[in-house]
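Notes follow once the structure below has been shown.
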Amino acid sequence: MKGIVMRALVLILGLLFLAAACGEPAEVAEENDGAEVITGEENDGAEVIPGDIATDPVAILNAATDAVQGVDAVSYTTNLQGFFVDGDTTDIVVSSQVVLQKGVTVDESAVYVDYVMTIGREDASGTVASDGINAYFIDNTNAQFIHGTIADGGSRLIQNAPNGTVMVEYLIPDEPYGAELNAAGYEILEQETIDGHLCHVVEVQMPPYTSTWWIDAESYLPRANKISVWDPEGSGAGMEYTVTLTDLDVDVQPESSQFQLQCPEGFANSEYVGAVSVGSVAPLWTLPTPDGGTLSLEDLRGKVVIMDFWATWCGPCRQVMPHLQSVHESHGDELVVIGVNTWENADPMAFMAENGYTYQVVLEGDEVAQQYFVEGIPTFYVIDQEGNVAFHAVGSDPANAEALDEILVTLLGE
26 MKGIVMRALV
36 LILGLLFLAA
46 ACGEPAEVAE
56 ENDGAEVITG
66 EENDGAEVIP
76 GDIATDPVAI
86 LNAATDAVQG
96 VDAVSYTTNL
106 QGFFVDGDTT
116 DIVVSSQVVL
126 QKGVTVDESA
136 VYVDYVMTIG
146 REDASGTVAS
156 DGINAYFIDN
166 TNAQFIHGTI
176 ADGGSRLIQN
186 APNGTVMVEY
196 LIPDEPYGAE
206 LNAAGYEILE
216 QETIDGHLCH
226 VVEVQMPPYT
236 STWWIDAESY
246 LPRANKISVW
256 DPEGSGAGME
266 YTVTLTDLDV
276 DVQPESSQFQ
286 LQCPEGFANS
296 EYVGAVSVGS
306 VAPLWTLPTP
316 DGGTLSLEDL
326 RGKVVIMDFW
336 ATWCGPCRQV
346 MPHLQSVHES
356 HGDELVVIGV
366 NTWENADPMA
376 FMAENGYTYQ
386 VVLEGDEVAQ
396 QYFVEGIPTF
406 YVIDQEGNVA
416 FHAVGSDPAN
426 AEALDEILVT
436 LLGE
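Residues in the sequence shown are numbered consecutively from 26, following the working numbering.
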């Protein structure tokens, strides 16, 4: 079950990361099958006063912004249904009870999610909570209780809540719909009723994904959201889900104790460790190489080593590989770039050859990923000449590449 859930979460998070960049605002309106399409324009914060808000998607999203910014705390029940495609098609069904209380920042907000989830034929359930200082995860499926401080990265425990259950727009203090308000285009769909409330329906086009919002026509609070995202590289990987909120209550006054969990009797109790910390000794490993041999980290003592945990199906992994290849080609024997293939379902060497990547790959990296507390890919570690961790980063943010280059200059004396 752990492998299936991990693959699902990594795929979903990876695809959503790809979708994080907004499309360039279009300038020409188009008609689409009779439904009104309104293109995005630069929005300098000026108030939009539409003639008829029901036909103006930007005005609807601005009204939704004002509505959620006026909410300090909210509770609701979610029903989420969707699927993801990673070779095979797997259905996802989630139900949850959620309470959110806005903080100064998203990480400092209070969150409570009690969920039951089915991925394919496998079931999972648990409770996630944070009071803005500490975070907690009760994993009923594996009888585990994990806790950690937000300052030490414990906010990642909140990511154990199924995707879509935490409607983060209720927690973002500034511009909760900032991405949508700078989207490539919009389509107004026919109004629908959610939990007895008539809603405007706005489809927001932000390639490579589409986000559809059901916004209450009276309160302008969001009541449902549909996400559809597909790998722009054409691998066929993708996902789609719709999360619907019922029993929405913005007058709730939650007790602080609701966001603080205790270890259930009989559960393993552990403290969250988010990564092998910079300055600590890198865990040793020995893994098979594609030519039938093995490679160990100990063999590379005296060199600077870049470890990249990756998989062929991971879109963000593919985004960073050209930079890794460039780094590999730009340095001599004093630097070794290693792709630690992890959670794989295809032929990594065929992928490397097809794309012209020539740096070292090691296989069967799942257990090493656990040693290094890898929760999402790509994950990078730089190991210095003495075998200590000098750098750690997760994801394909260009800032990670810049930071990687800077640490290499320091370690290699360039």
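Heads up, the beta-carbon is just placed ideally off N, CA and C, and yes, glycines get one too.
Just so it is clear, the structure is predicted and the values come from calculations on it, not from any experiment.
Alpha carbon of residue i to alpha carbon of residue j, nearest angstrom
i	j	result
Gln283	Val124	9 Å
Val15	Asn380	What is shown of the chain runs 26 to 439, which leaves residue 15 out entirely.
Asp256	Asn185	23 Å
Gly438	Ser180	35 Å
Asp316	Ser302	32 Å
Ala426	Leu360	16 Å
Ser260	Glu290	45 Å
Ala46	Ala154	Residue placement at Ala46 is flagged as unreliable, the pLDDT there being 27, under the threshold of 50; a coordinate-derived value is accordingly withheld.
Phe108	Ser236	15 Å
Val362	Tyr384	6 Å
Phe170	Phe416	29 Å
Glu392	Tyr234	33 Å
Leu312	Gly318	9 Å
Arg248	Cys224	8 Å
Asn366	Phe376	11 Å
Gly412	His172	29 Å
Leu273	Tyr195	12 Å
Gly59	Thr218	For Gly59, the pLDDT reaches just 37, beneath the cut-off of 50, and the residue's location in the model is therefore unreliable, although a value from the coordinates is still provided. If I take the Cα positions, the gap works out to 21 Å.
Gly221	Thr90	22 Å
Asn104	Ser120	5 Å
Leu436	Ala428	12 Å
Gln395	Val226	43 Å
Ala149	Asp116	14 Å
Glu72	Val141	Low confidence applies here, because Glu72 scores a pLDDT of 38, under 50, leaving its location unreliable; read the following figure in that light. One C-alpha to the other measures close to 41 Å.
Val387	Leu349	15 Å
Met264	Ala168	29 Å
Ile144	Val118	7 Å
Boundaries (first-last residue) of the alpha helix (DSSP H) holding residue i
i	result
Leu433	423-437
Phe376	373-380
Buried or exposed by the 16-neighbour rule on C-beta atoms within 10 Å, applied to residue i
i	result
Glu228	buried
Pro347	exposed
Glu212	buried
Asn370	exposed
Glu280	exposed
Asp156	buried
Gly340	buried
Leu433	buried
Ala418	buried
Asp111	buried
Pro423	exposed
Ala176	exposed
Arg343	buried
Lys27	Only weak support is given to the placement of Lys27: the predicted model assigns it a pLDDT of 40, under 50, and the question is left unresolved by the model.
Element boundaries [beta strand (DSSP E), containing residue i]
i	result
Ala415	414-419
Ile117	113-126
Ala160	159-164
Val227	222-231
Ile85	First-last for Ile85: 82-94, but that is the alpha helix (DSSP H), not the beta strand (DSSP E).
Tyr195	No beta strand (DSSP E) contains Tyr195, which DSSP labels as neither H nor E.
Glu411	Note, Glu411: premise wrong, no beta strand (DSSP E); not H, not E.
Any C-beta of chain C under 8 Å from that of residue i
i	result
Glu215	The displayed structure is made up of one protein chain only, and chain C is not part of it.
| said: Taking contact to mean 3 or more Cβ pairs, one atom from each stretch, closer than 8 Å, check whether the segment 399-415 and the segment 318-330 are in contact. | reply: yes
| Can you list, in chain order, the stretches of the beta strand (DSSP E) that have 3 or more residues and sit fully within the segment 287-315? | 293-296, 311-313
| Ordered list of beta strand (DSSP E) runs contained in the segment 327-409, each at least 3 residues | 329-335, 360-366, 385-387, 404-408
| request: Would you mind listing the beta strand (DSSP E) stretches within the segment 237-268 that are 3+ residues and don't spill past its ends, in chain order? | output: 247-255
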